[in-house]
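Structure, as structure tokens:
There are 2 protein chains.
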Amino acid sequence: MAQICRVDVDSGEIKYEAVPETWERLGGRALGARILLDEVPPLCDPLGRHNKLIFAPGTVVGHMVSSCDRISVCGKSPLTGGVKEANAGGTTGLKLVWLGLHALIIEGRPGDPETSSVLYLSQDEARLEPADDLAGLGIYASAERLLDRFGDDVGIAMIGPAGEMQMTAAGVVHLDKDRVPGRISARGGLGALMGSKGLKAIVIDDAGASMPPLVDKELFNDARKRYIKAIQEHPQTSEIYTDYGTAAMVAMCNAKSGIPTRNFSAGRFEHAEEISGEMLHDLIAQRGGEGEHAHACMPGCTIRCSNVFADGDGETIVSPIEYETIGLLGSNLGIDSLDTIGELNVVINDLGLDTIEIGAVLGVVAEAGFMEWGDGERAAELLEEIRQDTMLGRALGGGAGLAGKVLGVERVPVAKNQAISAYDPRAIKGTGVTYATSPQGADHTCGLTIRSDVDQTQPEGQADVSKDAQIKMAGYDSLGICLMGGFAFGQDLTMVRDMVNGRYGWGVGDDYLLEVGRQALRLEREFNRRAGFTTADDRLPEWMTEEPLPPLDTVFDVPAEDLDTIFDDV
Amino acid sequence: MAQICRVDVDSGEIKYEAVPETWERLGGRALGARILLDEVPPLCDPLGRHNKLIFAPGTVVGHMVSSCDRISVCGKSPLTGGVKEANAGGTTGLKLVWLGLHALIIEGRPGDPETSSVLYLSQDEARLEPADDLAGLGIYASAERLLDRFGDDVGIAMIGPAGEMQMTAAGVVHLDKDRVPGRISARGGLGALMGSKGLKAIVIDDAGASMPPLVDKELFNDARKRYIKAIQEHPQTSEIYTDYGTAAMVAMCNAKSGIPTRNFSAGRFEHAEEISGEMLHDLIAQRGGEGEHAHACMPGCTIRCSNVFADGDGETIVSPIEYETIGLLGSNLGIDSLDTIGELNVVINDLGLDTIEIGAVLGVVAEAGFMEWGDGERAAELLEEIRQDTMLGRALGGGAGLAGKVLGVERVPVAKNQAISAYDPRAIKGTGVTYATSPQGADHTCGLTIRSDVDQTQPEGQADVSKDAQIKMAGYDSLGICLMGGFAFGQDLTMVRDMVNGRYGWGVGDDYLLEVGRQALRLEREFNRRAGFTTADDRLPEWMTEEPLPPLDTVFDVPAEDLDTIFDDV
């Protein structure tokens, strides 16, 4: 029987508890929201003693099925003040499940605010130990030391200096299957929440542990087979993501005039080709060495959308480079070099920050005249301010909303104080609806609509496509399934049904994915309601509704009524 | 017939309109809220084109009755995001009424964001003229130039550099009756709103204008006589405020253990005597010269709670020094010298900032370790950062909430993102209820309860005393009556009744003050509701409910239910 592991960082007590009945059939994002509703006062200070940091593997996690082992990190968001779930690949989810954990809940607050500790979890033991030697250390050096200390086979979830400084753009970083700390539960400041608990890292040692049981092995394996076949046959897998990764979106978004350019002042970037997926692919191929264009972040992944980007000597700059990072640190800053983007990316990773949020911050800084467009060196200097914990660095590490308030910039791309990612909502309006209405704040992974069968530039019908996408994504995020796997699962919902029934024998129906998604959204909206959110929060910034985006010259004009009623029947 | 003057800073058009019927019987704070509800989209960007800056004199303004000529400046607050009214003495209200204005509404946004203009209003003319020579100039130098240009008898409402930079701790500054720019509509960032309209100053030339008519002169004058007698007989006037001004509160709040000390970490200051009203009085008396301890800010005021604080050579340092400034810039920063406080005060005035908000900011900065307690020189350096418009200065000029977010400080004294003033809510709990629940955000002038007949340190009954005080203050703020005048008016409500009936012949009843107050609160709460405020916003910071305040060792423990139901029958 899976258990709840509860860690009180104040008393140091670690308890294992039976899973409450109402939590049993929930996983990932939905479980996180349920626990928040049950245990966290909605009006609490997100960085105070009453908030909790929750690690909840998705429902189907544990069997190394391609793209199905994601971890949801949850809490009341220090960035948005609302419900927050940020999921990631890597090995954290898998290993927590192998240790028999339904969820890990970190609570309390250390008596000494300077505390830095590591939580070690294995089959035999759970303990908090001091990590003063890691305090202030970057992600890469920390990972190295932790792997030295605990062995090469552990999973690690950790924070960088930004999380330790409780900066609200900080994320929680996970090792990928190659022990590279490059998979990030990036959004919403959960790294700051982990920092407020005095926790530098969680080490998950699954030595001796085994895969969770299957109630109906045959049913499960049949579903898995159909799913893998669907992945392989899906054109987006073989022709796009394996070759180009998410960076394929550069060309697509540029063509749709929706790539953020110079702080969202335009939707097309004149140097898009130079930062495109094709360019990335070719550079990796030319340079050889450690570079890799079809890289899996989780064991068993057949899509392999990740990559390892190497320099001219074939040495790794960063792994991976994702489209959203290219969009926010590239075109959004007027930077036209993948090498520069990669170099900024690795520093932001090392600090343990969200590249989307920090890219948006730098766009705001440039807009305010404190950085030239395209000036990667100045961007690097500003990142160094963050590392040095200067007053200026603190203003940057708090996210785009904060930077905008500090610098008096009107054109700040945020919703619920979280940065809009690399799909301009004036060009891809359904995703704009998602940004505005998602309980999570602006987040393309909560319901990307760029492939929806609708005129992306017209206001009509956008709430419907966003709602469908949001329900599905909330379902996938609760099950532990990657957005990429969703392309295949979405074609035939019986695959999810059979995988869940094969594993648990719950007898769920065809619509299980959607039911779970709806439930997750209801729970999240209820938490936000109690935290004081209203329809007033389900809006994009005023300037996006009034300032036309060149070259389409469209504004975000989905009617408020569509935003206010989108979840009426969810 | 009074009129509405409407100025569009985009087109430059200035129109005079009849007063809509529903606005006729409203003045000051209530009128501001009504106009906001009628004309300003509640979700608009406070610094964008849709917000409006409203100057609304109180209902009884115009006759130089002691303490009865206040001006309400209103708008959607750039600091709180909600309804905002900040009233002040001086001559702005009086002169607007003499020009026959029921309200002045500034709307639109200049095409060129660098625009700096002056609005000139007289009996014959209304015009916008360029004020490029004043751009970036401090309050004192600006006042001097404007008086040179427009003559010594005009009224002026203006902003300093902080307002021009649209910093959200900036206020609107008015001339007092001696042409000193020391009366400030300080709270809520209305200076930033005025800055966003490209308006440096409003010059009100009432040459040739005359007092508004009285419908029943005898009734009015009789009420005025009774009121003046009540003022003169009130012990708080003659024995306290005329001699010591608001600075008398230093001793009182220190005795009640509620004076903010070192960023609200204690309620008693060991050097309270050195910054007390008695000390201020004695210093002024000793030093002679320009110093004055019983100074009137408005023509006709018999209370004269204001002062002129001079240095050892008898030259003015600043006028006035108020208790809240002493509390926030003195004890709150561990500063024990009135000279130092006065020197910081005059710089903050010159920048056009709110001393309460900036005092709270500096407390947060010291808490974060970027300033030593008691270090006035460092405080002055930080103010210079604001003047220089550095990124750091911008983080400070945005108020305590913003500074706290930037610096990662938990102990930030704000409610609705506006700084708590110099009455710690853990020691004076009714005022804590006001801070939490006032639609205006934390503001002692919205309902100070320090003299209420209740045990200030117990949670019981605080909502009732706060409610009574909030209703009365909303009434006074709508009528144009100073808090100080309220001590006398409050003793017999027929004085307000007769003054209003004497002036307008409306036949209002004994409870008119309370009716107006209730109405103002209802309008304000409705605007805030539409702007997305909920009971979640009617809270003090978590740490104030958990961290005991020495030496009383009390926390703010008024039950949430009392906060949530306080306005149920209003």
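Protein chains in written order, with our numbering: chain A, 8 to 577; chain B, 8 to 577.
All C-beta atoms, glycine included, are put in the ideal place defined by N, C-alpha and C.
{"Item": "Which residues, in chain order, does the stretch 172-203 of chain B contribute to contact with chain A at a C-beta distance below 8 angstroms?", "Value": "Met-172, Gln-173, Met-174 and Thr-175"}
{"Item": "Quick one: which unbroken alpha helix (DSSP H) runs of 4-plus residues sit fully inside the stretch 469-544 of chain B? Chain order, please.", "Value": "469-486, 490-496, 501-511 and 519-537"}
{"Item": "Assuming Ala-177/B and Ala-199/B form a contact by the criterion Cβ under 8 angstroms, report the distance between their Cβ atoms to the nearest whole angstrom.", "Value": "5 angstroms"}
{"Item": "Could you spell out where the beta strand (DSSP E) holding Cys-75/A opens and where it closes?", "Value": "Element bounds for Cys-75/A: n/a, residue is neither H nor E."}
{"Item": "If you pair each beta-carbon of the stretch 55-67 of chain B with each one of the stretch 479-498 of chain B, do three or more pairs fall below 8 angstroms?", "Value": "yes"}
{"Item": "Would you report the Cα separation of Lys-224/B and Asn-508/B, rounded to the nearest angstrom?", "Value": "10 angstroms"}
{"Item": "Please identify the residue among Val-72/A, Gly-381/A, Cys-12/A and Gln-425/A whose C-alpha is closest to the C-alpha of Glu-24/A.", "Value": "Cys-12/A"}
{"Item": "How far does the alpha helix (DSSP H) with Ala-443/A in it reach, from first residue to last?", "Value": "436-444"}
{"Item": "Take Val-371/A and list the residues in its own chain whose beta-carbon comes closer than 7 angstroms to its own, dropping the five residues that flank it on each side.", "Value": "Asn-270, Ala-407, Ala-410, Gly-411, Leu-414, Val-416 and Val-419"}
{"Item": "Return the chain-ordered list of same chain residues with a C-beta closer than 8 angstroms to the C-beta of Ile-363/A, the five sequence neighbours on each side being excluded.", "Value": "Ala-193, Arg-194, Glu-331, Thr-332, Leu-335, Ala-426, Ser-428 and Ala-429"}
{"Item": "Would a check of beta-carbon distances place Ala-402/B closer than 8 angstroms to chain A?", "Value": "yes"}
{"Item": "Contact between the stretch 76-96 of chain B and the stretch 547-554 of chain A: three or more CB pairs below 8 angstroms?", "Value": "no"}
{"Item": "What are the residues that DSSP puts in a beta bridge with Pro-137/A?", "Value": "Ser-124/A"}
{"Item": "Nearest to Gln-3/B by CA position, among Leu-38/B, Arg-537/B and Asp-250/B, is which residue?", "Value": "Outside the shown range of chain B, which is 8 to 577, sits residue 3/B, and nothing can be said about it."}
{"Item": "Beta-carbon of Lys-91/A versus every beta-carbon of chain B: anything under 8 angstroms?", "Value": "no"}
{"Item": "For the alpha helix (DSSP H) holding Gly-252/A, just list the boundary residues, first then last.", "Value": "Counting along the chain, Gly-252/A falls outside any alpha helix (DSSP H), and DSSP gives it neither H nor E."}
{"Item": "Buried or exposed, going by whether 16 or more other CB atoms sit within 10 Å of the CB of Thr-175/A?", "Value": "buried"}
{"Item": "Could you check where the alpha helix (DSSP H) with Phe-157/A kicks off and where it finishes?", "Value": "146-157"}
{"Item": "List the endpoints of the continuous beta strand (DSSP E) containing Tyr-330/A.", "Value": "Segment 330-336 is the alpha helix (DSSP H) holding Tyr-330/A; no beta strand (DSSP E) there."}
{"Item": "Can you give me the C-alpha to C-alpha distance between Thr-561/B and Gly-539/A, rounded to a whole angstrom?", "Value": "27 angstroms"}
{"Item": "Output, in sequence order along the chain, the residues in the stretch 410-425 of chain B whose CB is closer than 8 angstroms to any CB in chain A.", "Value": "Lys-412, Val-413, Leu-414, Gly-415 and Glu-417"}
{"Item": "So is Arg-546/A in contact with chain B if we call contact Cβ pairs under 8 angstroms?", "Value": "yes"}
{"Item": "Which bits of chain A does Glu-391/B rub up against, with CB to CB less than 7 angstroms?", "Value": "Near Glu-391/B there are no residues of chain A at all, since even the closest Cβ is about 14 angstroms away, more than 7 angstroms."}
{"Item": "Can you give me the C-alpha to C-alpha distance between Met-491/A and Glu-384/A, rounded to a whole angstrom?", "Value": "34 angstroms"}
{"Item": "Going by beta carbon distance, what residues of the same chain come within less than 6 angstroms of Gln-243/A, once the five residues before and after it are set aside?", "Value": "Phe-494"}
{"Item": "Can you tell me which residues form a DSSP beta bridge with Cys-12/B?", "Value": "Tyr-23/B and Leu-111/B"}
{"Item": "Determine, using beta carbons only, whether Glu-114/A comes closer than 8 angstroms to chain B.", "Value": "no"}
{"Item": "Taking Ala-567/B as the reference, give the member of Val-161/B, Thr-323/B, Ala-443/B and Glu-554/B with the closest Cα.", "Value": "Ala-443/B"}
{"Item": "What is the DSSP secondary structure of Cys-453/A, reduced to helix, strand or coil?", "Value": "helix"}
{"Item": "Assuming Ser-233/B is part of the alpha helix (DSSP H), what are its boundary residues?", "Value": "For the sequence presented, residue 233/B should be read as Arg rather than Ser. Arg-233/B -> alpha helix (DSSP H) spans 224-240."}
{"Item": "Closer than 8 angstroms, CB to CB, is Ala-110/A near chain B or not?", "Value": "no"}
{"Item": "Who does Ala-429/B pair with in a DSSP beta bridge?", "Value": "According to DSSP, Ala-429/B bridges with nothing at all."}
{"Item": "Report the start-end ranges of each alpha helix (DSSP H) in the stretch 360-412 of chain B that is 4 residues or longer and not cut off at the edges.", "Value": "362-374, 383-394 and 398-404"}
{"Item": "Listing by chain order, which chain B residues have their CB less than 7 angstroms from the CB of Glu-549/A?", "Value": "Cys-51, Asp-52 and Gly-55"}
{"Item": "Output yes or no for whether 8 angstroms exceeds the beta carbon distance between Glu-285/A and Ile-291/A.", "Value": "no"}
{"Item": "Please report the straight-line C-alpha distance between Asp-431/A and Tyr-251/A, rounded to a whole angstrom.", "Value": "21 angstroms"}
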